[in-house]
Amino acid sequence: MLATKTFKGGVHPPEKKDTSGLKIEQMVIPDKIVVPLRQHLGAPCTATVKIGDKVKRGDKIGEAGGFVSAPVHASISGEVTAIGNFPHPTGAPAPAVVITGDGKDEPAAFTKRSDAEVNIATPQQLKDIIKEAGIVGMGGAAFPTVVKLSPPKEKKIDTLIINGAECEPYLTADHRLMLEEPIRIVRGMRLLMKALDVQRGFVAVESNKPDAYKIFSDMLQGDAKCTAVMLPVKYPQGAEKQLIKALLDREVPSGGLPMDVGALVQNVGTAAAVADAVYEGRPLYERILTVGGGGIKQPRNLRVRIGTLFSRIIEFCGGLKEGVTKILNGGPMMGIAQYTLDVPVIKGTSGILALTEAEARTCEPGPCIRCGRCIDACPMKLVPSDIVTVADLKLWDNAKQLNVLDCIECGSCAYVCPAKRHFVQSCKRGKAELAAMAQKAQAAAAAAAKK
Ligand code: SF4
Ligand code: SF4
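Using my numbering, the letters of the sequence shown correspond one by one to residues 948 to 1398.
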């Protein structure tokens, strides 16, 4: 099935998916891991271990800190040797548990389930397993999966989309997962559909991955509920609101969520992790990622334990070439620049890129020439040029009126802007300022109510 509809805006950056032919390799088991207690949207975890405790691979070491949260697990066996603040790939340092390996990689006692046992599991039992396994969106956003599977009663979801678009340049980890381990993905899709009680599921793949599309098309042939769909190549096709528009022709309203239009999107890696949790009893303690960019000596697709330091992974890939100007957690459009290699892989790390100066496009912003390209490129129908202007002036109420909260930080505006203005930083800042203002107002209202 070829989806011909699309979303407004978007861009066509060079794909640079040179690693798409490289099979997934197992990274050597690290001798030390740093597992952040904040790896997802929502409340951070609380450590359930203390220094000196012995742990096995898969043991829970951090308990979810609220409804929107997910537990974290040890990814190697060994001893807890530190708990404290450590560098984090999404920004400020965050609390983390450090485990020094014992070299045994001893697994915890995982509860395997047969097909018969899985078949009789109720939707609530599946959700409980997914929650305990600490599964979050693995496309980058890292939203706790069980929360997405628990919409309010009035929001009836009728369609699940398994997202295999992988529209970010350079990244090919999802592509390799689809080629090499499609059964995990299809099993996970069926489990997610059962947990949600939906009767329609799609695996959505961009047309630059025809081999992956063919695999799912063949696997799902004759399936009354599930279909593989090929989408045109356009960035950010893999953003959930854009995927829903392209595939279902439904528009998520401003400030709304996919559940408002009856849809739920999960990444292919998340679906595979759900299958592992339900059938194998394995929590989420490893993931597949792409190590690439012109500055990496031996680009690779690797299966890596959560908590492995970037420095160790880059060393495993032969080290850095001369002239690297930027290291990213994620792809070049939405990835976050790193200022140290002592940051760990987290559940949402889809790639580690080392970019040369030519690739990184680092230059100072100039004045706006009113060309309007950023407006044409914005897939959320915003006016990015005006948002940057009001953000520079710290006019946060104006930024709110310009719907900055709808910005998905895709970077399409920055990609096309001839003046190289810093849109994403401005939008992030605007969202953070508005969130802080809302929190302050809430606290003031609560204090006034107590009087
Ligand atoms: S304003 Fe936000 S959503 Fe629009 S193109 Fe720029 S980064 Fe993407
Ligand atoms: S693309 Fe850049 S130069 Fe053109 S209108 Fe937008 S901000 Fe101004």
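Even glycine gets a Cβ: it sits at the ideal position worked out from N, Cα and C.
Any heavy atom of ligand 2 closer than 7 Å to the Cβ of residue i?
i        : result
Ile-1316 : yes
Ser-1332 : yes
Cys-1374 : no
Val-1351 : no
Val-958  : no
Val-1337 : no
Val-1371 : no
Gly-1358 : no
Ala-1142 : no
Gly-1377 : no
Pro-1070 : no
Val-975  : no
Arg-1252 : no
At the level of alpha carbons, what is the spacing between residue i and residue j?
i        : j        : result
Ile-1243 : Lys-1103 : 46 Å
Arg-1259 : Val-1238 : 12 Å
Ile-1253 : Glu-1053 : 16 Å
Ala-1385 : Ala-1392 : 10 Å
Thr-1119 : Met-1206 : 28 Å
Ile-1008 : Pro-1326 : 39 Å
Gly-1266 : Leu-1302 : 13 Å
Asp-1184 : Ile-1162 : Per the sequence shown, residue 1184 should be read as Gln rather than Asp. Taking the straight line joining both Cα atoms gives about 20 Å.
Val-981  : Leu-1236 : 17 Å
Arg-1134 : Leu-1167 : 11 Å
Lys-1181 : Ala-1029 : 44 Å
Gly-1048 : Leu-1096 : 35 Å
Ser-967  : Gly-1087 : 19 Å
Glu-1304 : Cys-1315 : 24 Å
Ile-1355 : Lys-1051 : 42 Å
Ala-1395 : Arg-1137 : 49 Å
Ala-1382 : Asp-1170 : 44 Å
What residues in its chain sit with their C-beta under 6 Å from that of residue i, if we drop five residues either side in the sequence?
i        : result
Ala-1017 : His-987, Ala-1011, Gly-1081, Val-1083 and Pro-1091
Ile-1322 : Val-1330
Leu-1306 : One detail in the question is off: residue 1306 reads as Glu in this sequence, not Leu. Gly-1241.
Just reading off the beta strand (DSSP E) that residue i is part of, what are its end residues?
i        : result
Arg-1252 : 1247-1252
Gln-1213 : 1210-1214
Leu-1275 : 1271-1276
Gly-1031 : 1025-1035
Leu-1300 : 1298-1303
Lys-1007 : 1007-1010
Ile-1293 : Unbroken run through Ile-1293: none, as it is neither H nor E.
Leu-1107 : 1106-1111
Indicate whether at least one CB of chain D lies closer than 8 Å to the CB of residue i.
i        : result
Asp-1165 : Included in the structure is just one protein chain, with no chain D present.
Who are the near neighbours of residue i in its chain, counting only those whose CB is closer than 7 Å to its CB and skipping five residues on each side?
i        : result
Gly-1377 : Ile-1334, Ala-1338, Trp-1343, Ala-1346 and Val-1351
Please confirm whether any heavy atom of ligand 1 lies closer than 7 Å to the CB of residue i.
i        : result
Ser-1201 : no
Ala-1390 : no
Ile-1355 : yes
Gln-1178 : Here residue 1178 turns out to be Leu, not Gln, going by the sequence shown. It does not: the Cβ of Leu-1178 is nowhere closer than 7 Å to a heavy atom of ligand 1.
Ala-1088 : no
Ala-1346 : no
Pro-1326 : yes
Leu-1329 : yes
So what does DSSP say about residue i, is it helix, strand or coil?
i        : result
Phe-1149 : strand
Tyr-1182 : strand
His-987  : coil
Arg-1234 : strand
Leu-1118 : coil
Pro-1312 : coil
Phe-1163 : helix
Met-1280 : coil
Pro-1098 : coil
Ile-1093 : The sequence as given places Val at residue 1093; Ile does not occur at that position. DSSP places Val-1093 in helix when its eight states are reduced to three.
Ile-971  : strand
Ile-1076 : helix
Leu-1124 : helix
Ile-980  : strand
Val-1015 : coil
Pro-1054 : strand
Arg-1131 : helix
Looking only at its own chain, which residues have a Cβ that is under 8 Å from the Cβ of residue i, when we skip the five neighbours before and after it?
i        : result
Lys-1399 : No answer is possible for residue 1399: the residues shown for the chain start at 948 and end at 1398.
Gly-957  : Lys-1181, Tyr-1182, Pro-1183, Gln-1184, Gln-1189, Ala-1324, Pro-1326 and Ser-1359
Lys-1268 : Gly-1241, Gly-1242, Ile-1243, Lys-1244, Ala-1301 and Thr-1303
Arg-1317 : Ser-1332
Could you give the first and the last residue of the continuous alpha helix (DSSP H) run that contains residue i?
i        : result
Thr-1336 : 1331-1339
Gly-1038 : Gly-1038 -> not in any alpha helix (DSSP H); beta strand (DSSP E) instead, spanning 1038-1048.
Gly-1377 : 1370-1397
Ile-1191 : 1187-1195
Asp-1344 : 1343-1348
Asp-1323 : 1320-1324
Tyr-1362 : 1359-1363
Arg-1259 : 1257-1263
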